[in-house]
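Each residue of the sequence shown is one higher than the last, beginning at -6 in the numbering used here.
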Amino acid sequence: MVEPSTRALAATAVLHVAPAHVDVRPGQGSHKDVGGRRAFFVQHCESYRYCSVGGDQPSELDAHLAGWTPTHILIEYSYFPKIAGALRKRFPDARIAMRAHNIEPLQNWAVSPPEQKSLFIPLAKTIYATFRLLYADWLTCRRVDHVYVIAPAEIPAYWRWLCGAKNVSWLPYMPPAPLQRPRGHHARSVIACLPGGTETVRTKDLVNRFMDFAGAARRSGWNDPFVLTGNVDGWKVRTDAAVEIAGFVDDLPAFYEKVAAVAILSPVGYGFKTTIGDALACGAMALLHPKLHGELPPEMKPYAIAVQSLEPAELARVRSRLQGAPSALDAMDAVRTRFEAVMLDFLNPRPKGARTS
């Protein structure tokens, strides 16, 4: 682990830039992901300023930078190449990094509704938006010193082609503190699906696949309670009598203490699913689509099960794995160690001779 001295940490002045939408819904994955780094900076840095911006306009930062010189700058998402370029010119000695939350061009294409891909004008707009995101990724990579990705599988598949293998590394998602402190030992039996509160291509697929899984599992003899959280009223999704729709959960840590496994069975989308990290931090296993399981960091794979099909033999295998599963609470120890090491390494001074383009 990289451990800068206390004196070096005290000398750091960190500017943290994030899009305004991160703070709109506190329960969304991006809010929790950014929150982990905010908490770290508050704890470790003598001077820290968080700036929420509505667009790629460097002038939005002026009030935050008056009379202050940051030594380190972290930009959330690759939406802000103009801001990255302006900060590089204004603070040539600062260490600037970007946190990628997804492979944005592929994510944009994957979650676009089918009707946007079947008609010429909507299709053209979707393709244009996808290539704009690709260009923003490429340009931002050239204006920062380093890129931190949310999933290590994205590095060989995408990021190393844009910014080089030496300039990109994995920075894990760190769940909010309340989810990292289970409050007791409870009987875990619930198989849960937490799709969130917004109806999208991905969340609908997530719900539909969970309904199919729960129905098949019940017919195969599973007696576990299957619970879907959130409000899906009005969604165009399937239902199954095996699933209880519980609505929004007020106390998520308390809910997770009853959960044996969280099911994330949709392959739609890119990036690490923060629900996996939340589940493991609370001691629950993860039931995953094979694509998601294949992309998991090695540290997490022992605590996740790939559901290959809904055939009775496969469901019996999954049930057996769940019954003999190791404590998922151990999964986050290695992840937490890496998170802290990478964050501390970011707080080192900018290397001499680093690129300035």
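Cβ atoms here follow ideal geometry from the backbone N, Cα and C, with glycine treated the same way.
Since the structure is predicted, the reported quantities are computational estimates derived from the model, not experimental observations.
In angstroms with no decimal places, state the Cα-to-Cα distance between residue i and residue j.
i	j	result
LEU337	THR119	39 Å
GLN316	PRO169	27 Å
GLY240	ARG83	48 Å
ASP49	ASP55	13 Å
LEU280	VAL27	25 Å
PHE339	ARG88	8 Å
ARG153	ALA93	13 Å
ILE143	LYS251	27 Å
ALA13	ARG31	15 Å
PRO291	ALA327	10 Å
SER162	THR191	31 Å
PRO74	VAL236	45 Å
VAL335	PRO305	43 Å
ALA321	ALA185	15 Å
ALA11	PHE219	36 Å
PHE332	TRP228	37 Å
ALA180	ASN216	14 Å
ASP16	HIS24	6 Å
VAL46	GLU53	6 Å
HIS9	ARG212	50 Å
PRO361	VAL35	Lying outside -6 to 350, the shown extent of the chain, residue 361 is not represented and no answer is given.
GLU69	LEU80	14 Å
VAL261	TRP61	43 Å
CYS44	ALA210	47 Å
PHE124	GLY287	27 Å
PHE33	ILE76	23 Å
LEU58	PRO51	11 Å
TYR378	ILE114	In the structure as shown, the chain begins at -6 and stops at 350. Residue 378 is therefore absent and cannot be evaluated.
ALA309	GLY157	44 Å
ILE148	ASP226	38 Å
Which residues in the same chain as residue i place their Cβ atom closer than 6 Å to its Cβ, once the five residues preceding and following it in sequence are excluded?
i	result
VAL230	LYS197, VAL200 and ASN201
ASP233	MET204, ALA207 and GLY208
GLN173	ALA274
LEU221	CYS186, VAL236 and ILE238
LEU303	ALA209
Among the options, which one has its Cα closest to the Cα of residue i?
i	options	result
VAL7	HIS65, GLN36 and PRO342	HIS65
TYR41	LEU132, GLY227 and ALA4	ALA4
ARG136	GLY78, ARG181, ILE298 and ILE238	GLY78
MET167	ASP271, ASP217 and PRO342	ASP271
ASN95	PRO145, PRO165 and TYR263	TYR263
MET278	VAL261, SER302, VAL311 and GLN301	VAL311
GLN301	LYS284, MET293 and SER213	LYS284
PRO19	GLY189, PHE33 and ARG81	GLY189
ALA150	LEU99, PRO165, ILE76 and VAL225	LEU99
ASN160	VAL140, PRO145 and ALA146	VAL140
GLU307	PHE248, GLY214, GLY287 and ASP226	GLY214
PRO165	PHE33, PRO51 and PHE265	PHE265
Give me the Cβ distance between residue i and residue j, rounded to the nearest whole Å; I'm assuming they're in contact under 8 Å.
i	j	result
LEU67	ALA90	5 Å
ALA324	LEU273	4 Å
LEU245	GLY223	Actually they are not in contact, since the Cβ atoms of LEU245 and GLY223 sit about 12 Å apart, beyond 8 Å.
THR193	GLY22	Contact flag wrong, Cβ pair sits at about 13 Å.
SER313	ALA253	Not quite, the Cβ-Cβ distance comes to about 13 Å (not below 8 Å), so this is no contact.
Going by beta carbon distance, what residues of the same chain come within less than 7 Å of residue i, once the five residues before and after it are set aside?
i	result
GLU97	SER71, LEU126 and ASP130
SER259	ARG195, ASP198, LEU199, ARG202 and HIS282
LEU155	ASP130, TRP131 and CYS134
ARG343	ASP86, ALA87, ARG88 and ASP138
PRO171	PRO246
VAL242	THR222 and PHE248
ALA299	LEU281, PRO283 and HIS286
For residue i, I'd like the list of residues in its chain whose CB is within less than 8 Å of its CB, leaving aside the five on either flank, ordered along the chain.
i	result
PRO351	Outside the modelled stretch of the chain, which goes from -6 to 350, sits residue 351, for which no answer is possible.
THR(-1)	Note on THR(-1): pLDDT 42, under 50, position unreliable in the model; the coordinate value appears next. Nothing meets the Cβ criterion.
ILE269	VAL255, ILE257, ALA279, LEU281, LEU285, LEU289, MET293 and ALA297
PRO145	TRP163 and PRO290
HIS352	Since the displayed the chain opens at -6 and closes at 350, residue 352 lies outside it and no answer follows.
GLY29	TYR166, MET167, PRO168, PRO169 and PHE332
CB of residue i to nearest heavy atom of the ligand GTP: below 6 Å?
i	result
GLY214	In terms of ligand content, the structure shown is empty, and the ligand GTP therefore cannot be addressed.
*Taking only runs of the alpha helix (DSSP H) that begin and end inside the segment 279 to 322, which ones reach a length of at least 4 residues, in chain order?*
Secondary structure in the segment 279 to 322: the alpha helix (DSSP H) runs of 4 residues or longer, each lying completely within the stretch, are 283 to 288 and 305 to 316 in chain order.
*Could you name each continuous alpha helix (DSSP H) segment of 4 residues or more that falls completely within the segment 145 to 184, going from the start of the chain to the end?*
Fully enclosed alpha helix (DSSP H) runs of no fewer than 4 residues occupy 153 to 156 of the segment 145 to 184, in order along the chain.
*Return the chain-ordered ranges of every alpha helix (DSSP H) run that is complete within the segment 22 to 57 and spans a minimum of 4 residues.*
For the segment 22 to 57, the continuous alpha helix (DSSP H) assignments of 4+ residues that do not extend past its boundaries occur at 22 to 37, in sequence order.
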